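Asks: Here this note's numbering is used: position 64 in the sequence shown is 178, and no number is missing along the way.
Dropping a structure here in structure tokens format, bear with me for questions.
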Amino acid sequence: MNKQMKLTPNQTAVLETLSKSDKPLSAYEILNFENIRDSGIKAPLTVYRALDKLIDKGRVHRIESLNAFVACDGKPHIEPAGFVICESCKNTLELRIRDCEDHLTKDALKKGFQVKGIRVEVAGTCSDCQKS
Ligand SMILES: [Zn+2]
Ligand SMILES: [Zn+2]
115 MNKQMKLTPN QTAVLETLSK SDKPLSAYEI LNFENIRDSG IKAPLTVYRA LDKLIDKGRV
175 HRIESLNAFV ACDGKPHIEP AGFVICESCK NTLELRIRDC EDHLTKDALK KGFQVKGIRV
235 EVAGTCSDCQ KS
């Protein structure tokens with residue numbers, strides 16, 4: 115395992131919490147999730163620090179419109195991820211957006227726009243909520 119992939123105990127605890135949750139969590143929700151405090155995480159700043167590193171390592175993504183975080187559902191990657199977000203249950207699923215990212219960047223550049231980042235967050239209703 116190379117250095118980049120190695121996680122500190124705090125990062126591991128935060129990542130495990132996000133993986134256990136079926137919904138995106140805010141930093142405060144992480145702090146109050148089950149027994150995370152047993153792992154020594156007691157302050158929001160500790161959570162934020164761990165989240166920053168996990169995002170850098172491509173293990174966690176931030177969902178801007180929810181101001182919350184999710185564990186990546188696949189192999190670690192630093193390319194931006196897109197999400198579908200269920201408006202009823204707040205469940206989210208990750209989308210692969212590499213192709214549309216290129217397309218959007220090119221289109222924005224053509225308009226003379228300097229691109230800093232791209233967010234793709236699709237609001238709607240998940241398949242479970244459509245049934246009920
Ligand atoms: Zn991902
Ligand atoms: Zn739903």
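Glycine residues also receive a C-beta, built at the ideal position from the N, C-alpha and C atoms.
Everything numeric in this text was worked out from a predicted model, so none of it was measured.
1. Going by DSSP in three states, residue 133 sits in which element: helix, strand or coil?
2. Quick one: what's got a C-beta closer than 8 Å to residue 147's C-beta in the same chain, skipping five residues either side?
3. With a threshold of 8 Å, are at least 3 pairs of Cβ atoms found where one atom belongs to the segment 178-198 and the other to the segment 206-215?
4. Hey, residue 168 and residue 129 are a contact pair by Cβ (cut 8 Å); roughly how many whole angstroms apart?
5. Is the closest heavy atom of ligand 2 to the C-beta of residue 239 under 7 Å?
6. Give me the Cα-Cα distance between residue 115 and residue 121, rounded to the nearest whole angstrom.
7. List the residues that DSSP assigns as beta-bridge partners of residue 200.
8. Between which two residues does the alpha helix (DSSP H) holding residue 145 run?
9. Are the beta-carbon atoms belonging to residue 185 and residue 174 less than 8 Å from one another?
10. Have a look at the DSSP bridge pairing and note the partners of residue 208.
11. Between the Cα of residue 166 and those of 141, 179 and 189, spot the shortest distance and give me the residue it belongs to.
12. Any heavy atom of ligand 1 closer than 7 Å to the CB of residue 247?
13. Do we get a CB-CB distance below 8 Å when we pair residue 171 with the residues of chain D?
Replies: So, from the data block:
1. helix
2. 131, 134, 135 and 139
3. yes
4. 6 Å
5. yes
6. In this prediction, residue 115 scores a pLDDT of 48, lower than 50, which makes its location untrustworthy; no coordinate-derived value is stated.
7. 238
8. 141-145
9. Yes, Cβ-Cβ distance for residue 185 and residue 174 is below 8 Å.
10. 197
11. 141
12. Here the chain has residues from 115 to 246 only, and residue 247 is not among them.
13. Going by chain labels, chain D is absent from the structure shown, which holds only one protein chain.
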